[in-house]
Amino acid sequence: MAETPVVVLEKVNKWFDDLHVLCDIDLSVDSGEVVVVVGPSGSGKSTLCRCINRLEPIDSGTILVDGAPLPAEGKELARLRAKVGMVFQSFNLFAHKTVLQNVTLGPVKALGQPRAVARERAMELLDRVGIAEKADRYPAELSGGQQQRAAIARALAMGPKVMLFDEPTSALDPEMIKEVLDVMVELAEEGTTMIVVSHEMGFARSAAQRVVFMDGGRIVEVAPPERFFSEPESERARDFLSKILAH
Amino acid sequence: MVASFRVGPIAPLRAAATTYVELVRNCPLAVLFVFFFFGLPKVMGVYPAYTTAVIVLALYTGTYVTETIRSGINSVAGGQAEAARSLGLTFPQLLAYVVLPQALRTVVAPLGNLFIALTKNSSIAFTISVGELTGTAQRVGNATNNYHAAFLAAAIGYLLLTIPSGLLFGAIERRVAVKR
Ligand SMILES: Nc1ncnc2c1ncn2[C@@H]1O[C@H](COP(=O)(O)OP(=O)(O)OP(=O)(O)O)[C@@H](O)[C@H]1O
Ligand SMILES: [Mg+2]
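First to last, the sequence lines map onto chains A and B. Okay, so the first sequence: first residue is 1 according to this note's numbering, each after it adds one. Okay, so the second sequence: first residue is 248 according to this note's numbering, each after it adds one.
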């Protein structure tokens, strides 16, 4: 029997006032799968990520994470959020805490891990993303690429079932993009379940099983990366690709 | 506390906090003094004028402290709270470990100003005959017919209280700032 998918969305709808940002979204992500989400600005990619760990509530439909529906705000929800790691475009590291404290805060406060255990695990993760020597620095003392890698370590420290990345490299200088993507490719190879909003085609080609193309709040096309980038089926995807390839 | 109600997710608490802040903050202090001095005994029994003065000053300054801390909370970028939520922290944890520590850093200076204002506002308590500095100066002036000297002494008295508070808050500000 197949494992239950890690994330399932069924007929998900969301409005911001009268703007229909997500229309009848159906998506299922298996354990170990990497899904890249692309689409024009305003198509609802960020909103999709934010709904999956319920930073935004949805108006109708269901979202299951690890087989369980998203609970309403409260302790239950906090527990569920711990299963969903989120990496933001703007890093959002806690400015008043060192890198190490950033990584241990969640495990200690939300999961109740003993501080020493959390520290040790955090150092392993920082080592894995290549910034162990920055553990006692404050975020402002790090480059963008290092901050984003710290943010990835912070999310991983919760032992999430799925990692969400919302344009993790689009606030970075070109030379730092690679160091972050390398970490992400490595995670993918180790079998981390990932949903990645990103227009980095190289990453999609080397790590993703599927590309999801969104436009106007709908999923327009789902295809393996090779096929999506070389011969997209829909007119809108072709149009979109010609625009991002133009520069 | 009240500041966290004002930004918190619980609507009745938020409404109560807002009502308190808006009611008290928008009344002149002298009116509040008189109102509590004559009104409070009717509901809660008689308090000495001094107690009334302390209650009123606390309530009044409290509104400003609330608003100052709230502005501090709002100055902490939304992304910080969002990151904390996505880690599975509950709302009280998010406030305690992420938002308030950063907010307090930005509000030390304005809180210092409030504390100094509190010292000076105590002068208005003399409208309900509490023996504070300004009222005493008035009486001394009456008795000796030398208002200039009496009020100069009072002014020096206030400065003796406010200048060290100013210095103290300056020092606190420097201490928390280096930790960034
Ligand atoms: N909090 C909000 N309130 C109202 N409208 C919002 C809010 N957040 C997003 N929107 C709107 O919802 C739509 C989808 O936004 P979303 O951020 O999901 O798009 P996106 O695909 O991530 O775009 P981008 O590539 O620019 O990041 C946009 O039209 C946006 O203006
Ligand atoms: Mg976005």
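All C-beta atoms, glycine included, are put in the ideal place defined by N, C-alpha and C.
{"Item": "In terms of alpha-carbon separation, which member of B/Gln327, B/Leu408, B/Val355 and B/Leu351 lies closest to A/Pro139?", "Value": "B/Gln327"}
{"Item": "If you reduce the DSSP assignment to three classes, tell me which class A/Ser28 lands in.", "Value": "strand"}
{"Item": "Whose C-beta lies closer than 7 Å to the C-beta of A/Gln113 among residues of the same chain, with five residues either side of it excluded?", "Value": "Pro107"}
{"Item": "For a cutoff of 8 Å on Cβ pairs, would you count B/Gln385 as touching chain A?", "Value": "no"}
{"Item": "In or out: A/Met1 buried (at least 16 other Cβ within 10 Å) or exposed?", "Value": "Low per-residue confidence applies at A/Met1: pLDDT is 46, beneath 50, and the placement is therefore not dependable, though the value from the model is reported in the following sentence. Exposed: under 16 other Cβ atoms inside 10 Å."}
{"Item": "Taking 7 Å as the cut-off, is the C-beta of A/Val35 nearer than that to any heavy atom in ligand 1?", "Value": "no"}
{"Item": "Is it true that the CB of A/Val34 sits closer than 8 Å to the CB of A/Val196?", "Value": "yes"}
{"Item": "Does the distance from the CB of B/Thr337 to the CB of A/Ala78 come in under 8 Å?", "Value": "yes"}
{"Item": "Would the segment 197-205 of chain A count as touching the segment 3-15 of chain A if we require 3 or more Cβ pairs under 8 Å?", "Value": "no"}
{"Item": "In the DSSP assignment, what are the bridge partners of A/His20?", "Value": "A/Trp15"}
{"Item": "Measure from the alpha carbon of A/Gln148 to the alpha carbon of each residue in A/Lys161, A/Val117, A/Met184 and A/Arg119, then state which is nearest.", "Value": "A/Met184"}
{"Item": "Let me see if you follow: with CB-CB separation under 8 Å, is A/Ala78 close to chain B or not?", "Value": "yes"}
{"Item": "Just the Cα atoms here: how many angstroms apart are A/Leu126 and A/Phe94?", "Value": "16 Å"}
{"Item": "Could you check whether A/Ile152 and A/Val87 sit closer than 8 Å to each other, using their CB atoms as the reference points?", "Value": "yes"}
{"Item": "Is A/Val212 near ligand 1, in the sense that its beta carbon is under 7 Å from a heavy atom of that ligand?", "Value": "no"}
{"Item": "With a threshold of 8 Å between beta-carbons, can A/Met194 be considered close to chain B, or not?", "Value": "no"}
{"Item": "With DSSP as the reference, label B/Ile316 as helix, strand or coil.", "Value": "helix"}
{"Item": "Can you tell me where the alpha helix (DSSP H) with A/Val103 in it begins and where it stops?", "Value": "Val99 to Lys109"}
{"Item": "Below 7 Å, is the gap between the Cβ of A/Thr47 and the nearest heavy atom of ligand 1?", "Value": "yes"}
{"Item": "In the DSSP assignment, find the unbroken beta strand (DSSP E) run with A/Arg137 in it and report its ends.", "Value": "That residue, A/Arg137, is in no beta strand (DSSP E); it is neither H nor E in DSSP."}
{"Item": "List the whole-angstrom C-beta distance separating B/Val301 from B/Leu358, where the pair is believed to meet the contact cut-off of C-beta under 8 Å.", "Value": "Between B/Leu358 and B/Val301 the Cβ distance is about 19 Å, and since that is not below 8 Å, they are no contact."}
{"Item": "Does the distance between the C-beta of A/Glu167 and the nearest non-hydrogen atom of ligand 3 fall short of 7 Å?", "Value": "Among the ligands in the structure shown, ligand 3 does not appear; only ligand 1 and ligand 2 can be found there."}
{"Item": "Is A/Met250 helix, strand or coil by DSSP?", "Value": "Here chain A has residues from 1 to 247 only, and residue 250 of chain A is not among them."}
{"Item": "Closest to A/Ser170 by CA distance: which of A/Leu64, A/Ser46 and A/Gln89 is it?", "Value": "A/Gln89"}
{"Item": "Beta carbon of A/Ala150, beta carbon of A/Asn102: below 8 Å?", "Value": "yes"}
{"Item": "Quick check on the DSSP output: the beta strand (DSSP E) that includes A/Arg115 runs from which residue to which?", "Value": "Where A/Arg115 is concerned, there is no enclosing beta strand (DSSP E), although the alpha helix (DSSP H) it sits in stretches over Arg115 to Arg128."}
{"Item": "Quick one: which unbroken beta strand (DSSP E) runs of 3-plus residues sit fully inside the segment 139-209 of chain A? Chain order, please.", "Value": "162-166 and 194-197"}
{"Item": "Does the beta carbon of B/Arg332 sit closer than 8 Å to a beta carbon anywhere in chain A?", "Value": "yes"}
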